[in-house]
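Colleague: Here it is, the structure, as structure tokens.
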Amino acid sequence: MTESASDAAGDALFARIRQMVTARGVDIRLQQEASTLKLLFADGQRILINLDRQSRHVWLAAADGGSEFVPQGTSWLSPQHGELLTRLGELLEQTVASDPRNSRAPIPASAAETPVIIQHIQSGGGHGLRNAMIIILLAAVAFLLTQRPGQPSPAGEPAAVQAEPAAFADSERRCESGFPQNGSTTVFPESGLQIGGTGTELTLHNEHAHPLLLVLTAPRTLIPSLSVLVHARQQASVRIPPGQYDLMFAAGTRWCDARSGFSDGRMLKFNDSLSVQHDAPVRIAMQSSGAGPEDFRALISTFVAATPLPTPSFSGDGSMAVKRHGNGHFYLPGSIAGVPVTFMLDTGASVTSITSEIAREAGVRNCKEIQVQTANGSTTGCIALIPQMTLGNFTLKNITVAVMPNMDTNLLGANVLRNFRVGQDEDTLLIGRN
């Protein structure tokens, strides 16, 4: 029997990977099954390398996703992650650094820990080769049964990321039989996370056509802290402590467990981290971008409660003092044709501006159209004459204002301010009659 060039290249690749792993000097178990090499870490994480012996393409998969590498000379390259062994080295470093258990020294080899290797045999279609393969498979199964009797897979062990389920079928995975209800939340003990109580509310809106599992991890690690399952077209919420989290999503159709998600899917890492603040609810909307389970995008919104505006104080002559708001601006009370208005002081504006909503409520008519240059470009507004407006306890008549579309703030400009004596004492604005 002759060994093909693809077999030789694959064996050489796996040999180089074994050397890389051994050189790390940490406890990483190696398992090879035909064209798949598994790197098993102490905390349950794993990296899988699958070689297609016909095309010589290599699939490299870890908890944050998988990539296909195409042969180029003596190397394998991916448009996203560059050279195969370089990318594998990065994943090894990240995984070892993600959990102290992964950096422990190797456990002395024993018969029970010897990697099971099923040699690849190129079939020529004869019964002899087929029978030989069957015998080898049976021998491997018998070896496992005698060396590790009744040993279950570690509790909570994360599933392998499977971009190609057939290539990554894992006999060690034990999936749950039923599909959990919407909003099912799991806290992983090793994270030490405490939820509920006075935590910040995190609301998940799954607008996708498939169920999704959100996994929160410790920053810059793959260590899961919490996972929440959200059914298709439904929502769920949970209270979590303020802090920084990394986001991962599991997408698929066949449920496995709360740690790994779906047996026919893979874990997708979100590029941006999640910053959770006290009393600032967070909403994550998962929206479809295609028909497949993994075709979605996540939009994060944080809702910060508005800070109340400082209340002005008035003197006997009507003068008022206004404290600076936390955002750095001054806000003054007033009215337009009897409609209450809060103005923001804008010393750079030549004309006072009001929103189109205030203009409608105040019955502003005979508004002359103008072109206005704003920070976002040129827009169309209009200029009108207001018979009466107030600022604090002061009344002004026949004031020109600009009505601005798509504006949500009423700006107090120089044409009104010139009627007053304006001063400032540190963070206090003083306004009185000239």
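Under the working numbering, the first residue of the sequence shown is numbered 66, with each subsequent residue one higher. Every residue gets a Cβ at the ideal spot worked out from N, C-alpha and C, and that includes glycine.
For residue 305, which residues does DSSP report across the bridge?
Modeller: 265
Colleague: Just mark residue 364 as buried or exposed, buried being the case when its beta carbon has 16 or more other beta carbons within 10 Å.
Modeller: exposed
Colleague: Express the C-alpha separation of residue 477 and residue 367 in angstroms, rounding to a whole number.
Modeller: Rounded to whole angstroms, residue 367 to residue 477 spans 30 Å at the Cα level.
Colleague: Would you check if the distance between the CB atom of residue 283 and the CB atom of residue 297 is smaller than 8 Å?
Modeller: no
Colleague: Could you give the C-beta distance for residue 168 and residue 91, rounded to a whole number, given that I count them as a contact under 8 Å?
Modeller: 5 Å
Colleague: Who pairs with residue 410 in a beta bridge, going by DSSP?
Modeller: 477
Colleague: For the stretch 70-145, list the alpha helix (DSSP H) runs that are entirely contained and at least 4 residues long, ordered along the chain.
Modeller: 70-89
Colleague: Could you have a look at residue 167 and say whether DSSP puts it in helix, strand or coil?
Modeller: Helix at residue 167.
Colleague: Using the rule of at least 16 other Cβ atoms within 10 Å of the residue's Cβ for burial, across every protein chain shown, is residue 470 buried or exposed?
Modeller: exposed
Colleague: From which residue to which residue does the alpha helix (DSSP H) around residue 425 run?
Modeller: 421-426
Colleague: Nearest CA to the CA of residue 404: which residue from 312, 434, 429?
Modeller: 429
Colleague: Identify whether residue 312 lies in helix, strand or coil by the three-state DSSP scheme.
Modeller: Strand.
Colleague: Does the stretch 262-274 come close enough to the stretch 350-362 to have 3 or more Cβ pairs within less than 8 Å?
Modeller: Flag = yes, the stretch 262-274 and the stretch 350-362 touch.
Colleague: Does any CB atom of chain C fall closer than 8 Å to the CB of residue 143?
Modeller: Chain labels in this structure do not include chain C; a single protein chain is all it has.
Colleague: Nearest to residue 359 by alpha carbon, out of 279, 344, 347, 136?
Modeller: 279
Colleague: For residue 490 and residue 307, what's the separation of their Cα atoms in angstroms?
Modeller: 37 Å
Colleague: Return the CA-CA distance between residue 252 and residue 140, expressed in angstroms with no decimal places.
Modeller: 42 Å
Colleague: Rounded to whole angstroms, what is the Cα-Cα separation between residue 444 and residue 420?
Modeller: 14 Å
Colleague: Residues in the same chain with beta-carbon distance under 7 Å from residue 301, minus the five sequence neighbours each way, listed in chain order, please.
Modeller: 247, 248, 269, 293, 295
Colleague: Could you tell me the alpha carbon to alpha carbon distance between residue 204 and residue 98, rounded to whole angstroms?
Modeller: Residue placement at residue 204 is poorly supported in this model, since its pLDDT is 47, which falls under 50; the coordinates still yield a value, given next. Computed Cα separation, rounded: 13 Å.
Colleague: Determine whether the beta carbon atoms of residue 414 and residue 437 lie at a separation below 8 Å.
Modeller: no
Colleague: Under the three-state reduction of DSSP, which class applies to residue 159: helix, strand or coil?
Modeller: helix
Colleague: Anyone know if the C-beta pair for residue 107 and residue 152 falls short of 8 Å?
Modeller: no
Colleague: What residues in its chain sit with their C-beta under 8 Å from that of residue 499, if we drop five residues either side in the sequence?
Modeller: 484, 485, 486
Colleague: Please say whether residue 288 and residue 341 have beta carbons closer to each other than 8 Å?
Modeller: no
Colleague: Under the three-state reduction of DSSP, which class applies to residue 348: helix, strand or coil?
Modeller: In the three-state scheme derived from DSSP, where H, G and I count as helix and E and B as strand, residue 348 is classed as strand.
Colleague: May I have the straight-line CA-CA distance separating residue 118 from residue 259, to the nearest angstrom?
Modeller: Counting only the Cα atoms, residue 259 lies some 48 Å from residue 118.
Colleague: Determine the DSSP secondary structure at residue 151, reduced to helix, strand or coil.
Modeller: In the structure shown, residue 151 sits in a helix (DSSP, three-state: H, G or I).
Colleague: Where DSSP assigns a beta bridge to residue 282, which residues make up the other side?
Modeller: According to DSSP, which records beta bridges pairwise, residue 282 is partnered with 289, 311.
Colleague: Contact between the stretch 81-89 and the stretch 126-140 is defined here as three or more beta-carbon pairs at a separation below 8 Å; is this criterion met?
Modeller: no
Colleague: Beta strand (DSSP E) containing residue 489: first to last residue?
Modeller: 485-490
Colleague: Just the C-alpha distance for residue 338 and residue 346, rounded to the nearest angstrom, thanks.
Modeller: 16 Å
Colleague: Could you say which of 113, 132, 125, 496 lies nearest to residue 381 if we only look at CA atoms?
Modeller: 496
Colleague: To the nearest angstrom, how far is it from the Cα of residue 115 to the Cα of residue 102?
Modeller: 6 Å
Colleague: My output table needs one value for residue 272: the three-state DSSP class, helix, strand or coil.
Modeller: strand
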